[in-house]
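For the sequence shown, the positions run 113 to 327 when our numbering is used.
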Amino acid sequence: MTELATRSAVGIVLIAIALCSAVFGGTVFAVLVALIATVMYVEWSRMVGRWGWMWKAYGFVYCLLPAVSLLWIRERAELQGIGTGFDLLIWVFLVVWSTDIGAYFAGRAIGGPKLAPSISPNKTIAGLVGGVASAALLAGAWAIYVDLPAVLLWLAPPLGIAAQFGDLFESGLKRRAGVKDSGTWLPGHGGLLDRLDGLVPVAVFTAAMMVMDAL
């Protein structure tokens, strides 16, 4: 099986798990989110193990905040009149997934100048643009289809950028730690941190907007 096929197959399984848990919500979703946050923190701790306790403390916050944010989005959206929790959660997922997929294919097809060669030599400016455009189209279409607040149409592109810079942040950590991936148990993807680094800023920012009643 080629690398792309392996990456795609594993990605489909992960998406299916995320969607099923999002549908159920409640305890099922909370348990999955807690498990994911725990694995993320284990991977983080392994990477920064010799960097001092401050890095481990920061990692705890880094893994906790998106977990709390996802739970807040799923359970509070409808109470705040922002569609259903499921609808908003899918919007968050689409921003991240479409950014990742769009950036991957645009980067491979177009190439061109590197985005941040000293941090992640494979990422290109074309990939950044392709990812943002993909997020704007797919997440925007979903927001219109399920009648989410119009502000989410405008938030998709900047959050697509945030997702890619979340990816760059984790790439910088790996480069400093001297590792290729945060883990090895997800074929074609590495570890959970490698797969969810873009979700961290998107989930946290979306939940923050909800707390500030800005959606």
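Beta carbons: idealized from backbone N, C-alpha and C, even for Gly.
Distance from the CA of D259 to the CA of G195, rounded to the nearest whole angstrom, comes to 7 Å. Around G302, the same chain offers K292, D293, S294, G295 and T296 as residues with beta carbons nearer than 8 Å, after the five sequence neighbours per side are excluded.
It is roughly 27 Å from the alpha-carbon of E155 to the alpha-carbon of F136.
With a 10 Å radius around the Cβ and a threshold of 16 neighbouring Cβ atoms, L176 comes out exposed. Residue environment analysis places V263 among the exposed positions, since fewer than 16 neighbouring C-beta atoms fall within 10 angstroms of its C-beta. Judged by DSSP in its simplified three-state form, S283 adopts helix. A262 carries a coil assignment under DSSP once its states are collapsed to helix, strand and coil. If you check the CB distance, I213 and G197 do not come in under 9 Å. CA-CA distance, G243 to M166, rounds to 33 Å.
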